[in-house]
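Note sheet for the following structure.
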Amino acid sequence: MSQDKIRNFCIIAHINHGKSTLADRLLDLTGTIEKRDIVKQTLDTMDLEREKGITIKLKAIRMEYKGYQLNLIDTPGHVDFTYEVSRSLAACEGAVLLVDKSQGIQAQTVSNYYKAKEAGLKIIPVINKIDLGVGDVEELKKDIEKTFGLKKEDTLEVSAKTGEGTKELLEKIIKDVPHSTGNEDGLARALVFDSYYDEFLGVVAAIRVVDGSFTPQEIRFIATKTKTTPQEIGFFKLKRVKTNILETGEVGYIATGLKDIKTVKVGDTVCLKDEDPKSLPGYKEIKPFVFVSIYPIDNSKSRDLREALEKLSLSDSSLSFEPESSSALGFGFRCGFLGLLHADIVQERLEREYNLQLISTTPSVEYKVTTTKNELLFVRSPSDLPEKTKINKLEEPWILCNIISPAQYAGNIMNLCKDRRGIQNNMEYPNEKTVVFQYELPLSELIYNFFDDLKSTSSGFASLDYEFSDYKQVDAVKLNILVHNEIVEPLSTIVLRTKADEIGRKLLKK
Ligand code: GTP
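Start counting at 1 in the sequence shown, then tack on 44, and there's your number in our numbering.
What follows is the structure, encoded as structure tokens:
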């Protein structure tokens, strides 16, 4: 299809502001999916996503409307899955910034807005859930204008539940989102923005064609240097639709037939086998923050666990793992995650999708150790922490976090952050009802129920967004647990020296 008839866009929002429901309405309106096939949150295909009501994976779907091809890439809203958002942004020209009328602007609304802006996308502000009685649309429009500089008169109002305003939104996407301007006659190249493994077709790469076009002739992945002849080319309409051609500006897939999952890397550029175009910028490498050891309860399953982790990491580039063994638990893996929800989700997926029964250790962060011999070590597992006589300096990771909350909870939030060794950098009131804090916090404090405590101290209203900031020195020690006088290494944790006694006594009581 000619590029001026293609619009590639995503929906960005804070968690639960209604992205997946809005996507359902758009699928319905464009007749992409028969009404009877629309289940709630159609794009949330994993059982886990529907049960938890959250989107974990990005998904791409093609719609047709009034002669236009509209490619929607659904994205997750939780802070742990931010990397998925950056991946979709790189494949789009426009973003619908969705804000829940009853909740207003939240932490991920702000961070996703800046990501879309940085990626140079056209942003369409939209207020969702206008069918609800709570919240004031006019006030929220003013807030959006003040916070993001997006004009009040450009903000649309929709109800993803009833469908009101969604037709106007589709028209606006066609009118305002720019079409791609790739070189149709240039050397074919496309960005790999996602991939998954199919038993029959091997690795299936989701791609956005930037220049030229792809047909089932031999291709090459530039970074991994892998060459293959595609088994199938097409686009997603919830299921795969085979077309055997993808043209400039289009979004779709290439089923590579490759069985080795390491040969296709998300963020890589794919081109034709004998051509040599410049690689596309790709993505920033994402570093895991939180580390958990995972062991199969039945130790004969550790090879299955490795295979399952390899398959999951194919489409989840932020998941890392390395083998580990313990005399008590056998062979397992030290896995790195972006946050606790990410760790929970991966563990649940391993158990459900790969039929494994697992046991996992307390989450820990990555410590930086300077030894007395001046060596620098990064310690992801408490069992790797050198003896204290060999440590010259111990540092722990800190994060920079933004917290947005209704103003009446400001005092509670300040107390909570103080309790967790937080340092306040900034506090402001963008309007009389809202407070925005910027805090520096040790990551180890954040992973121990900080999110739950923040929610309960603010009656569920505060939201949080964070990024890694720096390493700072800490006075911490290793807390060992002994069973029959023997240390069980996977149960060891690193804790503040001043809290070691209290934590040890609590564990004894359990
Ligand atoms: P994540 O992908 O996890 O970030 O969530 P999401 O943004 O996709 O939100 P989702 O579509 O799952 O909607 C969250 C909740 O809001 C669900 O219970 C929806 O039924 C509800 N919801 C979505 N849109 C509307 C709306 O326009 N009106 C009302 N009343 N409820 C809505």
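By construction, the Cβ of each residue, glycine as well, lies at the ideal position given by its N, Cα and C atoms.
Integer-rounded CB distance, given that SER408 should sit under 8 Å from THR537: Counting from one through the sequence shown, the residue named residue 537 turns up at place 493. Counting from one through the sequence shown, the residue named residue 408 turns up at place 364. Confirmed, about 6 Å.
For the alpha helix (DSSP H) containing TYR158, name the first residue and the last one. As a working note, residue 158 is residue 114 in the sequence shown. First-last of the alpha helix (DSSP H) with TYR158: 151-162.
Ends of the alpha helix (DSSP H) at ALA544? As a working note, residue 544 is residue 500 in the sequence shown. Where ALA544 is concerned, the enclosing alpha helix (DSSP H) stretches over 541-553.
Count the other C-beta atoms from every protein chain shown that fall within 10 angstroms of the C-beta of ALA372, then say buried if there are 16 or more, exposed otherwise. For the purposes of this step, residue 372 is taken as the residue at position 328 of the sequence shown. The residue in question, ALA372, is exposed, as its Cβ has fewer than 16 Cβ neighbours within 10 Å.
Around the C-beta of LEU561, are 16 or more other C-beta atoms found within 10 angstroms, so that it is buried, or is it exposed? Because the chain spans 45 through 554 in this model, residue 561 falls outside it and cannot be assessed.
Close Cβ partners of ILE525 (< 8 Å) along its chain, the five nearest in sequence each way excluded: As a working mapping, residue 525 is identified with position 481 in the sequence shown. ILE531, VAL532, LEU535, SER536, LEU551, listed in sequence order.
By the DSSP assignment, the alpha helix (DSSP H) with GLN47 in it spans what residues? If you number the sequence shown from 1, residue 47 lands on position 3. No alpha helix (DSSP H) contains GLN47, which DSSP labels as neither H nor E.
For a test of the three-state rule: what should DSSP assign to CYS461, helix, strand or coil? Looking up residue 461 in the sequence shown gives position 417. Three-state result, CYS461: helix.
Presumed contact (8 Å Cβ cut-off) between ASN343 and GLY374, rounded CB distance: In the sequence shown, residue 343 corresponds to position 299, counting from 1. In the sequence shown, residue 374 corresponds to position 330, counting from 1. Sure, about 4 Å apart at Cβ, within 8 Å.
ASN178 versus GLU201 - alpha carbon distance: Counted from its first residue, the sequence shown places residue 178 at position 134. Counted from its first residue, the sequence shown places residue 201 at position 157. The identity of residue 178 in the sequence shown is Val, whereas the question assumes Asn. If I take the Cα positions, the gap works out to 14 Å.
Under a three-way DSSP split, which group does THR10 fall into? The structure shown does not extend to residue 10, since the chain is modelled only from 45 to 554, so the question has no answer here.
Distance check for ALA451 and LEU235, CA to CA, integer angstroms please. Within the sequence shown, the letter at position 191 stands for residue 235. Within the sequence shown, the letter at position 407 stands for residue 451. Cα-Cα distance, rounded: 43 Å.
Hey, PRO426 and LYS190 are a contact pair by Cβ (cut 8 Å); roughly how many whole angstroms apart? Along the sequence shown, read from residue 1 onward, the residue named residue 426 stands at position 382. Along the sequence shown, read from residue 1 onward, the residue named residue 190 stands at position 146. The Cβ separation is near 47 Å, so there is no contact.
Bridge partners of CYS445, per DSSP? The sequence position of residue 445 within the sequence shown is 401, counting from 1. The partner list for CYS445 (beta bridge, DSSP) reads TYR483, TYR510.
Can you give me the C-alpha to C-alpha distance between ASP180 and TYR158, rounded to a whole angstrom? For this step, residue 180 is matched to residue 136 along the sequence shown. For this step, residue 158 is matched to residue 114 along the sequence shown. Rounded to the nearest angstrom, the two C-alpha atoms are 24 Å apart.
For ILE218, which three-state DSSP category applies? For the purposes of this step, residue 218 is taken as the residue at position 174 of the sequence shown. It is helical.
Report the option in ALA249, LYS434, ASN446 whose CA atom is closest to the CA atom of LEU498. Residue numbering aside, residue 498 sits at position 454 when the sequence shown is read from its first letter. Checking every option, the nearest Cα to that of LEU498 belongs to ASN446.
For GLN636, which of GLU215, ALA151, THR206, ILE188 has the nearest alpha-carbon? Look at the range of the chain in this structure, 45 to 554, and you will see that residue 636 is not part of it.
What I want to know is whether the C-beta of ASP428 ends up closer than 7 Å to one or more non-hydrogen atoms of ligand 2. The model on display carries ligand 1 but not ligand 2.
Could you spell out the range, first to last residue, of the beta strand (DSSP E) harbouring GLU366? In the sequence shown, residue 366 corresponds to position 322, counting from 1. Element bounds for GLU366: 364-370.
One or two residues paired with TYR340 in a DSSP bridge: Within the sequence shown, the letter at position 296 stands for residue 340. Checking the sequence shown, residue 340 turns out to be Pro, not Tyr. For PRO340, which the question treats as bridged, DSSP gives the partners LEU402.
Please report the distance separating the alpha-carbon of LYS281 from that of THR76. Locating residue 281 in the sequence shown gives position 237, where the first residue counts as 1. Locating residue 76 in the sequence shown gives position 32, where the first residue counts as 1. Roughly 7 Å between the two C-alpha positions.
DSSP has SER536 in a bridge; who is on the other side? Translated into positions along the sequence shown, residue 536 becomes position 492. SER536 is not bridged to any residue.
Which residues mark the beginning and the end of the alpha helix (DSSP H) in which LEU184 is found? The residue given as residue 184 occupies position 140 in the sequence shown. It spans 181-192 - the alpha helix (DSSP H) in which LEU184 sits, taken as one unbroken run.
Taking 7 Å as the cut-off, does the CB of ASP238 come closer than this to any heavy atom belonging to ligand 1? Sequence index remark: in the sequence shown, residue 238 carries index 194 (1-based). It does not: the Cβ of ASP238 is nowhere closer than 7 Å to a heavy atom of ligand 1.
How far does the beta strand (DSSP E) with ARG424 in it extend, from its first residue to its last? Numbered from its first residue, the sequence shown carries residue 424 at position 380. Where ARG424 is concerned, there is no enclosing beta strand (DSSP E), given that its DSSP letter is neither H nor E.
One question on the structure: do VAL221 and ARG106 come within less than 8 Å of each other, judged by their Cβ atoms? In the sequence shown, counting from the first residue as 1, residue 221 sits at position 177. In the sequence shown, counting from the first residue as 1, residue 106 sits at position 62. In this structure, ARG106 does not lie closer than 8 Å to VAL221 by Cβ.
Given this structure, state the Cα-to-Cα distance separating LYS345 from SER404, to the nearest angstrom. Residue mapping note: residue 345 aligns to position 301 of the sequence shown, counting from 1. Residue mapping note: residue 404 aligns to position 360 of the sequence shown, counting from 1. Approximately 15 Å, taken between the alpha carbons.
At the level of alpha carbons, what is the spacing between ILE277 and LYS322? Your numbering for residue 277 matches position 233 in the sequence shown. Your numbering for residue 322 matches position 278 in the sequence shown. Cα to Cα, ILE277 sits roughly 22 Å from LYS322.
In three-state DSSP terms, what is ALA232? Numbered from its first residue, the sequence shown carries residue 232 at position 188. Coil.
Beta-ladder partner(s) of ILE435, from DSSP: Position 391 of the sequence shown, counted from the first residue, corresponds to residue 435. According to DSSP, which records beta bridges pairwise, ILE435 is partnered with THR415.
Per-residue burial, ASP318 [other beta carbons within 10 Å of its own, 16 or more giving buried]: Indexing the sequence shown from 1 puts residue 318 at position 274. It counts as exposed.
When you compare only the Cα positions, how much space is there between PHE265 and ILE457? Taking the first residue of the sequence shown as 1, we reach residue 265 at position 221. Taking the first residue of the sequence shown as 1, we reach residue 457 at position 413. Looking at the two C-alpha atoms, the distance is approximately 48 Å.
If GLY376 and PRO340 are in contact, beta carbons under 8 Å, what's the gap, nearest whole angstrom? Translated into the one-based positions of the sequence shown, residue 376 becomes position 332. Translated into the one-based positions of the sequence shown, residue 340 becomes position 296. 7 Å between Cβ atoms; contact.
The segment 392-404 touching the segment 511-528, judged by at least three CB pairs closer than 8 Å: no
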